[in-house]
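Here the structure comes first, spelled out in structure tokens, and everything after it is commentary.
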Amino acid sequence: MSPETRIQSTGCGEERMSLGVAYRMLWSDIPLPPPPLSPSRGPGKASTTGATPPLPSCESEAHNLSRFLFGPRQTTVLPVCHARETPFRHSLARRRLPRKKHKPQVPPVRVSPPTDRSLPSPSFTRNDEDKRAVMEDECGSTLLPPPAADPDKAPIEDTLEVTALGVLGPDVFTNARPVRLPAGARGIFGGAVIAMSLASAQKTVPDELVAHSCHCYFLLPGAGAVPLLFHVERVRDGRSFATRTVQARQRGRCVFTMTVSFVRAASAGKTHVRHAAPMPADAGPPPPDDWADEPAYRAQTRPYVVTAPVEARLVDDHDARPDQRAVYQWFRCRGTISAQGGRDAHRNALAYVSDAYLIGGVGHVHPEKPRLGMVVSLDHSIYFHSDRIAADDWIFTETLSPWADEDRGFVLRRIFHRDGTLLATCVQEGVVRLARDGSQHGAKL
Numbered sequence: 001m002s003p004e005t006r007i008q009s010t011g012c013g014e015e016r017m018s019l020g021v022a023y024r025m026l027w028s029d030i031p032l033p034p035p036p037l038s039p040s041r042g043p044g045k046a047s048t049t050g051a052t053p054p055l056p057s058c059e060s061e062a063h064n065l066s067r068f069l070f071g072p073r074q075t076t077v078l079p080v081c082h083a084r085e086t087p088f089r090h091s092l093a094r095r096r097l098p099r100k101k102h103k104p105q106v107p108p109v110r111v112s113p114p115t116d117r118s119l120p121s122p123s124f125t126r127n128d129e130d131k132r133a134v135m136e137d138e139c140g141s142t143l144l145p146p147p148a149a150d151p152d153k154a155p156i157e158d159t160l161e162v163t164a165l166g167v168l169g170p171d172v173f174t175n176a177r178p179v180r181l182p183a184g185a186r187g188i189f190g191g192a193v194i195a196m197s198l199a200s201a202q203k204t205v206p207d208e209l210v211a212h213s214c215h216c217y218f219l220l221p222g223a224g225a226v227p228l229l230f231h232v233e234r235v236r237d238g239r240s241f242a243t244r245t246v247q248a249r250q251r252g253r254c255v256f257t258m259t260v261s262f263v264r265a266a267s268a269g270k271t272h273v274r275h276a277a278p279m280p281a282d283a284g285p286p287p288p289d290d291w292a293d294e295p296a297y298r299a300q301t302r303p304y305v306v307t308a309p310v311e312a313r314l315v316d317d318h319d320a321r322p323d324q325r326a327v328y329q330w331f332r333c334r335g336t337i338s339a340q341g342g343r344d345a346h347r348n349a350l351a352y353v354s355d356a357y358l359i360g361g362v363g364h365v366h367p368e369k370p371r372l373g374m375v376v377s378l379d380h381s382i383y384f385h386s387d388r389i390a391a392d393d394w395i396f397t398e399t400l401s402p403w404a405d406e407d408r409g410f411v412l413r414r415i416f417h418r419d420g421t422l423l424a425t426c427v428q429e430g431v432v433r434l435a436r437d438g439s440q441h442g443a444k445l
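In this text, residue positions in the sequence shown follow UniProt numbering: the first is 1, and each later residue adds one.
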């Protein structure tokens, strides 16, 4: 199957096809010769007029893609290509073509990414009048226009949806909808990146495999105005276990990495060791279903929290030493997670919740409640213990901070079903610095 046929079979249309050609040219760094035919003439007819064909939209797409993939410090010189008439052949990527002296029909286009990193990320467009145009107002920080919200799915499913980008290569995904940038934060919410990375890895394993552990590192703050690319590597596929690594990239830089392990469901033996930590006795009952509709709650809550895909309620804490004091919270995803999403959707939602109000617990366990000036996650690990995860029902979290010193803090969170079943355990370390000027920076939530 030719590359052109393969691209069209994905249902992406000619816009995705030209994007794929531009991507391969940028990635392989091989200059392609200009098209031998004029766009106004069909196959077998030579161009006799010598007129220069108009610049196609591939130029602006290559410009935007260069900004996104390689950042502002690299410059690539590309000839303008016609995606319909000059399909890319994979053999070009394996060998370097001999240099031929020929008079180009179309002058080369110098793609120089701008040095202003504050510009929004390229969401590819076909506006030839402005080569830097991006669909900022149309689709925000997404590579493709966001799909309409599915009324049969919970809001958390739409928030964490990822789209496969087969035109860019195998096992490459991107966020289908913009990722929220919390107010006052240095980067996007880490729980969203964790959950979307897990969702991307789930798409590369059979349905009978479920995630049982994730180990993550936050390398750079994720920009809210830049789309995310999730590159999944199939490290190992065994009889009972499978391993995947996921890199989340923005503008060619890795901002997040995850190693996730999958296990085949019901692969345990008939006899095995079994024990679990109990749910705290003073957890109390879950909140009523209509508690968020109370006027007092809406009056003291930020607008986003009222409409967020996850509800959260802090339980009255108790007096204890900081290293023994626990923060109790109830979480619930709004709406009902669809049967189509299944257990993977519930796991993704739990991964999203696992990072909510987590590293901030370092300051909350202190009786004097110190003002934190910088709160940034460094790493995050999740261990899934049970398949009884129901993220659209109330789940209880117990957060402790056994240690904090040297501008770093360590937190541990246990997540329980409302009936007391231990669902997951999370651990995280982060940078925790006290505020000096009365301001707060870097808090993700």
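Even glycine gets a Cβ: it sits at the ideal position worked out from N, Cα and C.
Going along the chain, which residues of its own chain have a beta-carbon closer than 6 Å to the beta-carbon of residue i, five neighbours each way excluded?
i, result
"V427", "S381 and L412"
"R249", "L229"
"A265", "E208 and V210"
"R236", "T243"
"H272", "none"
Only counting the same chain, and skipping five residues up and downstream in sequence, which positions put a Cβ closer than 8 Å to that of residue i?
i, result
"T204", "D171, V232, R234 and R244"
"V432", "I359, V362, G363, L372, M374, V375, A404, D407, R408 and G409"
"T425", "I382, Y383, H385, L412, R413, R414 and I415"
"R388", "H417, T421 and L423"
"R436", "G373"
"T174", "T142, L143, L144, V162, T163, L165, P227, L228, L229 and F230"
"H212", "S261, F262, V263, Y383 and F384"
Looking at the unbroken alpha helix (DSSP H) that takes in residue i, where does it start and where does it end?
i, result
"M258", "No alpha helix (DSSP H) holds M258; the beta strand (DSSP E) holding it covers R253 to R264."
"E161", "Counting along the chain, E161 falls outside any alpha helix (DSSP H), and DSSP gives it neither H nor E."
"D347", "What sits at residue 347 in the sequence shown is Arg, not Asp. That run of the alpha helix (DSSP H) goes G342 to S354."
"V362", "G361 to H364"
Can you round the beta-carbon distance between residue i and residue j to whole angstroms, since I take them to be within the 8 Å contact cut?
i, j, result
"P309", "R418", "Actually they do not touch by this definition, with Cβ atoms about 19 Å apart."
"residue 447", "A312", "Residue 447 lies beyond the stretch modelled for the chain, which goes from 1 to 445, so this question has no answer here."
"F396", "A281", "About 12 Å; that fails the 8 Å criterion."
"D323", "C216", "With a Cβ gap of about 25 Å, D323 and C216 do not count as contacting."
"L219", "F256", "6 Å"
"V193", "G222", "6 Å"
Report all residues from its chain with a CB closer than 7 Å to the CB of residue i; omit the five preceding and five following residues, and keep chain order.
i, result
"P370", "G363 and L434"
"A176", "T142, P146, P147, E161, V162 and T163"
"N348", "L160, A195, L198 and A199"
"V327", "D317, G361, H364, V365 and T399"
"Q247", "H231, C254 and T257"
"D152", "S338"
"E157", "I337, S338, G341 and A345"
"D393", "R332 and R418"
"G169", "none"
Please determine, among the options, the residue with the shortest C-alpha to C-alpha distance to residue i.
i, options, result
"M258", "R343, I156, G190 and G335", "G190"
"D150", "D379, S338 and D393", "S338"
"A225", "G187, M196 and F173", "G187"
"A352", "V315, A391, R321 and P322", "Checking the displayed sequence, the identity of residue 352 turns out to be Tyr instead of Ala. Taking only the C-alpha atoms, the option nearest Y352 is A391."
"V210", "L220, P155, A242 and Y217", "A242"
"L165", "P227, L219, V255 and Y217", "P227"
"A154", "R332, C214 and T421", "R332"
"A276", "R436, T421, E429 and G430", "T421"
"R355", "R253, G342 and C214", "Checking the sequence, you will find Asp at residue 355 rather than Arg. Nearest option by C-alpha distance: C214."
"residue 499", "D289, P367, V327 and L314", "Absent from the structure is residue 499, since the part of the chain shown begins at 1 and ends at 445."
"R321", "S401, D393 and G342", "S401"
"V263", "E368, S377, Q202 and E157", "Q202"
"R239", "V260, P206, A183 and G342", "P206"
"E377", "E429, E368 and P182", "Checking the displayed sequence, the identity of residue 377 turns out to be Ser instead of Glu. Minimum Cα distance to S377 is reached at E429."
Please list the terminal residues of the continuous beta strand (DSSP E) segment that includes residue i.
i, result
"Q250", "F241 to Q250"
"G238", "Segment: none, G238 is in no beta strand (DSSP E) and carries neither H nor E."
"G373", "L372 to F384"
"Q329", "A326 to C333"
"L314", "V310 to L314"
"V193", "It is not in any beta strand (DSSP E) - V193 instead sits in the alpha helix (DSSP H) that spans G190 to Q202."
"T174", "V172 to N175"
Mind checking who residue i pairs with in its DSSP beta bridge?
i, result
"residue 449", "Nothing about residue 449 can be reported from this structure: the residues present for the chain run from 1 to 445 only."
"G409", "A404 and G430"
"F218", "F256"
"A211", "F262"
"L229", "T174 and R249"
"E398", "Y328 and R414"
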